[in-house]
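Numbering (my numbering), first residue to last: 3 to 226.
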């Protein structure tokens, strides 16, 4: 029988009840990786920082707001500035730039975390939800030493990734595509179809360690 700790971790991963964890994950819109990213969209060097106004009270920003660290205890929510943009229930933070078009690429150092999510979310997504649990966010996550893709509370395992120190995120807003990139190869590991016409921004969930973002980058040559 699963321990209480294991059940709690699974609940936190999906944001759903225990019975729903036993159902077969619904398929996501997977795409033939490299071919679907040979897009005509122009690449923009997106430069962003993490937006403290959105950060949950368990998250601290560092390195000029380009990194985020998880604090087990965190701050007393009553001591955090009351802000309607802040995530109150989930350890989530958004980037401070809204994207409405074009092709964008950034990377994230993940070597100091064992549980996180990274991707994009609509800027106005509900602050009562966690990224990946609704139809307004699309993420790639890592937990229990396994990668997965997630949107609208539907999870698909992502294989052949391992645990790299750093990963890339490639967004083609106009084509409605989001990809997890291995920047060392370079190659698209997995991709998701995005259904949104609203402004979206980089999004991160963190429950262990720290993440460091790197924006303003050129897309790897092998991806073009």
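Positions of the beta carbon are idealized from the N, C-alpha and C atoms, including for glycine.
In this text, all values refer to a predicted model and were calculated from it rather than measured experimentally.
Asked	Found
Under 8 Å between the Cβ atoms of residue 119 and residue 137?	no
Comparing C-alpha positions only, which one of 86, 112, 50 sits nearest to residue 100?	50
Does DSSP put residue 55 in a helix, a strand or coil?	helix
With a threshold of 16 other CB atoms inside 10 Å of the CB of residue 74, please say whether the residue is buried or exposed.	exposed
Looking at chain C, is there any beta carbon in it that lies within less than 8 Å of the beta carbon of residue 53?	The chain labelled as chain C is not found in the depicted structure, where only one protein chain is given.
What are the start and end residues of each continuous beta strand (DSSP E) run of 3 or more residues lying completely inside the segment 135–219, in chain order?	139–145, 148–153, 156–160, 168–174, 179–184, 189–195, 202–208, 212–216
Mapping the DSSP letters down to three states, classify residue 29 as helix, strand or coil.	With a pLDDT of 44 at residue 29, under the threshold of 50, the modelled position of this residue cannot be trusted; read the value that follows with caution. In the structure shown, residue 29 sits in coil (DSSP, three-state: anything other than H, G, I, E or B).
For residue 37 and residue 188, what's the separation of their Cα atoms in angstroms?	At residue 37 the pLDDT is 47, less than 50, meaning the model places this residue with poor confidence; the figure from the coordinates comes in the next sentence. Cα to Cα, residue 37 sits roughly 14 Å from residue 188.
Taking buried to mean at least 16 other C-beta atoms within 10 Å of its own C-beta, is residue 28 buried or exposed?	The predicted position of residue 28 is uncertain, since its pLDDT is 42 and thus under 50; no value can be drawn from it.
Helix, strand or coil, according to DSSP, for residue 62 in the structure here?	strand
Taking DSSP as the reference, what is the three-state secondary structure of residue 34?	Reliability of the predicted coordinates at residue 34 is poor, the pLDDT of 46 falling under 50, and the value obtained from them is presented with this limitation in mind. Looking at residue 34 - three-state DSSP - the assignment turns out to be coil, as it is neither helix nor strand.
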